[in-house]
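Student: Under our numbering, the first residue of the sequence shown carries the number 164, and numbering increases by one thereafter.
Idealized CB from N, CA, C, for every residue including glycine.
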Amino acid sequence: MKYAEGEKHKDLISKREGQKFYFDGENVEIVVLRKNPDEEVIKMIAENEIFFQLFLREEIVFLLIKIDGLKWIDIPFVIEKSTKLKHPDDINRNYFANIIFADCVNGKVCAARTQTLGHGLSKALFWALKKQLEYPIENIRQKINKVHAGFSSDEMARLSLGK
């Protein structure tokens, strides 16, 4: 993991809160940015159980994250064409998710942890991203906005795949 708890990184400084989802072909990196997060939320993110699900609409993959005690977070994702996907069975393990929670005001990493995605979810993610690589997506921002207009994160979670 390139980010460690307590470190400050310029690339984590932002005027807006948000979340980002990166995938290198074997592992997922999730960055959640919040302004001045309180200690209780930081502790929940660092210690509580995490659930993952996938929601697929308009050719876009949404990774859903639920940290026990907090609301669902949805993160849209479109794979970069240069990514070399590795099937979970080929690497003899499930994908890992590195989760980084940072203060976007100063770029400080408040919590960082690694969680294993379930095998079924790893395979579903592989196939969804493989399809994205094979069929280029047009009007990505418009499609993401359309999905967000029609579904809340909670609704996506009710209609999605995984744990």
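Could you tell me whether the Cβ atoms of I230 and N261 are closer together than 8 angstroms?
Tutor: Against a cut-off of 8 angstroms, the Cβ pair of N261 and I230 comes out as no contact.
Student: What is the rounded straight-line gap between the Cα of F259 and the Cα of G313?
Tutor: So the alpha carbons of these two residues sit roughly 30 angstroms apart.
Student: Given a cut-off of 8 angstroms on the beta-carbon distance, is the pair M319 and L227 in contact?
Tutor: Yes. Within cutoff.
Student: Closer than 7 angstroms by C-beta to V241: which residues in its own chain qualify, once you throw out the five before and the five after it? Chain order, please.
Tutor: So the list reads I223, Q295, I300, I303, once near-sequence residues are dropped.
Student: How would you label L233, buried or exposed, when you count the other beta carbons within 10 angstroms and need 16 or more for buried?
Tutor: So L233 counts as exposed.
Student: Which whole-angstrom value describes the C-beta separation of E170 and V268, a residue pair presumed to lie in contact below a C-beta threshold of 8 angstroms?
Tutor: The Cβ separation is near 15 angstroms, so there is no contact.
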